[in-house]
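Under my numbering, think of the first position of the sequence shown as 1, with each following residue one higher.
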Amino acid sequence: MISVEAAQANLLDGVVPLAAESVALAAAAGRILAEPLAALRTQPPFAASAMDGYSIRWTDRAGPWRIIGTAFAGAGFDGSVGAGEAARILTGAPVPTGADTVIVQEDVARDGDNLRLTGEGPPRQGAHIRRAGLDFSGGEALLAPGTRLLAPHIGLIAAAGHAAVRVHRRPRVALLATGDELVLPGAVTGPDQIVSSNGVMLAALLGDCADVHDAGIVRDSPGALRAAVEACADADVLVTIGGASVGDHDLVKPVLESMGARFDFWKVAMRPGKPVMRGWLGSQNVIGLPGNPVSAFVTALLFVKPLLQRLGGAAVALPMLHQARLNGTLPANGSRQDYMRAVAVRDSGGWRITTLPTQDSSMLRTLASANALLVREIDAPAVGDGGPVSFLLLDSLRDVA
């Protein structure tokens with residue numbers, strides 16, 4: 001067996017992002033930028049008013065003024081503001097020629113075309129004006145390769161004049177569950193069968209970083225398994241679920257080896273999820289996961305998702321460890337790294353975490369009740385109440401303050 005850290009390092013060693021492709025901005029959220037992105041235009045393209053008010057000359061700031069026109073957003077004032085003159089201006093409108101300051105409408109009183117100061121007036125020359133290029137100028141570098149594009153990035157790219165963006169291709173992953181005992185969700189089970197929940201669960205886990213193809217269930221037959229693997233040949237990553245142990249019907253490794261696959265490891269010192277395989281079938285990445293649902297989820301989170309994220313262009317692919325204080329106690333750990341389902345709560349003193357009472361690797365209800373995995377290192381000592389522990393947060397949207 002190898003350690004979790006060694007297995008993750010093996011998985012990511014030498015992996016380079018997939019080729020770049022151009023996608024419309026509407027489809028770019030969550031994707032990884034493949035090339036430097038520069039502005040095609042200046043923003044704002046002209047000096048614009050930041051407030052509703054009147055554009056004036058700073059030298060005339062004491063007033064009074066004669067109003068000579070109005071500048072609207074999208075329809076500027078064509079004239080020029082001279083001595084003792086003002087132009088009504090609305091937010092976003094271009095500042096007229098001759099004006100260099102905006103006085104807010106709350107500081108003045110208007111009587112027809114006459115305007116006088118009633119408040120403090122503008123605090124400085126150029127007040128309430130957004131200069132041309134305040135946000136960025138044409139040709140300026142805006143985003144670096146490797147940036148994961150979130151909503152603000154999409155807005156920035158659009159404002160910079162781009163309708164599409166170059167990003168790394170999303171990896172294609174095929175999920176292949178094995179076992180005569182399995183039926184699809186919603187199907188009637190026979191007396192010795194169970195529902196296959198792993199495919200839909202892992203598709204939900206991995207769908208934010210890959211195009212997932214759930215190839216369904218393949219029976220415990222070498223021929224059927226070979227045909228199913230061949231049907232997934234266009235996937236960048238093949239993930240088999242179940243059949244990775246050493247039982248009489250655990251056929252995945254021998255069948256893949258008969259097809260020319262080579263394996264780097266097939267056991268990891270962890271709980272749950274020891275029977276994890278990592279190999280290659282030609283240029284295709286192959287990861288074999290255990291069939292117990294919690295084991296499948298934990299190993300997919302630790303191994304499959306980081307690989308997919310790296311292929312998709314992410315520089316940082318591994319899940320982030322957080323620190324917490326333990327509620328309760330834990331005995332010393334053994335020879336495998338443990339990932340315990342837990343609930344983490346954050347308050348003014350930081351994170352507190354409580355392990356859930358049942359840790360069996362078949363129990364999806366316990367996993368669904370957790371928002372964290374408490375991580376116990378190999379041979380970790382006992383931890384008392386309030387002692388320090390590490391954990392992985394499963395879903396940041398479930399943070400509790």
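All C-beta atoms in this analysis are idealised placements derived from N, C-alpha and C, irrespective of residue type, glycine included. The structure presented is a predicted model; accordingly, all values stated were derived computationally and were not measured.
First and last residue of the beta strand (DSSP E) that includes residue i?
| i | result |
| --- | --- |
| Thr178 | 172-178 |
| Asn114 | 114-117 |
| Glu21 | 20-24 |
| Thr240 | 237-241 |
| Arg352 | 350-355 |
| Ala86 | 85-89 |
| Leu373 | 372-376 |
| Ser369 | Run containing Ser369: none in the beta strand (DSSP E); it sits in the alpha helix (DSSP H), 364-369. |
| Val212 | 211-218 |
| Gly53 | 53-56 |
Look up residue i in the DSSP assignment and give the residues it is bridged to.
| i | result |
| --- | --- |
| Gln323 | Ser390 |
| Ile32 | Arg148 |
| Ile2 | Val268 |
| Pro94 | Ala48 |
| Ala75 | Phe72 |
| Ser80 | Thr97 |
| Arg415 | Residue numbering for the chain in the displayed model covers 1 to 401; residue 415 lies beyond these limits and cannot be assessed. |
| Trp65 | Leu115 |
| Arg262 | Trp280 |
| Arg131 | Partner(s): none; Arg131 has no beta bridge. |
| Gln125 | According to DSSP, which records beta bridges pairwise, Gln125 is partnered with nothing at all. |
| Leu182 | Ile194 |
| Gly38 | First, the residue type needs correcting, since residue 38 is Ala and not Gly in the sequence shown. Bridge partners of Ala38: Ala141. |
| Ala109 | Arg116 |
| Ile403 | Shown here, the chain extends from 1 to 401; a query on residue 403 therefore has no answer. |
| Val410 | This structure cannot settle anything about residue 410, because the visible part of the chain is limited to 1 through 401. |
| Gln43 | Phe136 |
Apart from the five residues on each side of it in sequence, which residues of its chain come closer than 7 Å, Cβ to Cβ, to residue i?
| i | result |
| --- | --- |
| Asp113 | Arg66, Ile67 |
| Gly349 | none |
| Ala132 | Thr42, Pro44, Pro45, Phe46, Ala47 |
| Trp280 | Ala261, Arg262, Val286 |
| Val195 | Val183, Pro185, Thr189 |
| Met51 | Thr91, Val102, Val104, His128 |
| Pro222 | Leu251, Val255 |
| Leu117 | Ala62, Gly63, Asp107, Val108 |
Quick one: what's got a C-beta closer than 8 Å to residue i's C-beta in the same chain, skipping five residues either side?
| i | result |
| --- | --- |
| Ala402 | This structure cannot settle anything about residue 402, because the visible part of the chain is limited to 1 through 401. |
| Arg226 | Val255, Ser258, Met259 |
| Asp208 | Gly30 |
| Ser362 | Asn292, Pro293, Val294 |
| His162 | Leu25, Leu37, Leu40 |
| Ala187 | Val195 |
| Thr97 | Gly79, Ser80, Val81 |
How is the alpha helix (DSSP H) around residue i delimited, first residue to last?
| i | result |
| --- | --- |
| Gly138 | No alpha helix (DSSP H) holds Gly138; DSSP gives it neither H nor E. |
| Glu257 | 252-258 |
| Ala231 | 222-231 |
| Ala203 | 198-206 |
For residue i and residue j, which I take to be in contact (beta-carbon distance under 8 Å), what is that distance rounded to the nearest angstrom?
| i | j | result |
| --- | --- | --- |
| Val276 | Val268 | 5 Å |
| Asp211 | Ala203 | Contact flag wrong, Cβ pair sits at about 10 Å. |
| Leu321 | Leu392 | 6 Å |
| Asn327 | Ile353 | 7 Å |
| Gly312 | His153 | Their Cβ separation, rounded to whole angstroms, is 15 Å, which puts Gly312 and His153 out of contact at 8 Å. |
| Leu307 | Val237 | 6 Å |
| Asp180 | Arg219 | 5 Å |
| Leu206 | Lys305 | 6 Å |
| Ala19 | Glu35 | Actually they do not touch by this definition, with Cβ atoms about 12 Å apart. |
Under 6 Å Cβ to Cβ from residue i, same chain only, skipping five residues before and after it: list those, please.
| i | result |
| --- | --- |
| Asp248 | Any reading at Asp248 must be qualified, since the residue scores a pLDDT of 48, below 50, and its modelled position is unreliable; the value itself is stated next. Excluding residues within five positions, none has a Cβ falling inside 6 Å. |
| Leu12 | Arg310 |
| Gly92 | Ala48, Ala73 |
| Ala86 | Tyr54, Ile56, Trp65, Ile67, Leu115 |
| Gly288 | Thr240, Ala244, Val252, Met277 |
| Arg148 | Ile32 |
| Asp250 | Gly243 |
| Asp107 | Gly119, Gly121 |
| Val15 | Arg310 |
| Ala39 | Phe136, Gly138, Glu140, Leu142, Ala160 |
Which ranges does the beta strand (DSSP E) cover as unbroken runs of at least 3 residues, wholly within the segment 272-348, from first to last along the chain? 277-281, 284-289, 321-326, 337-347
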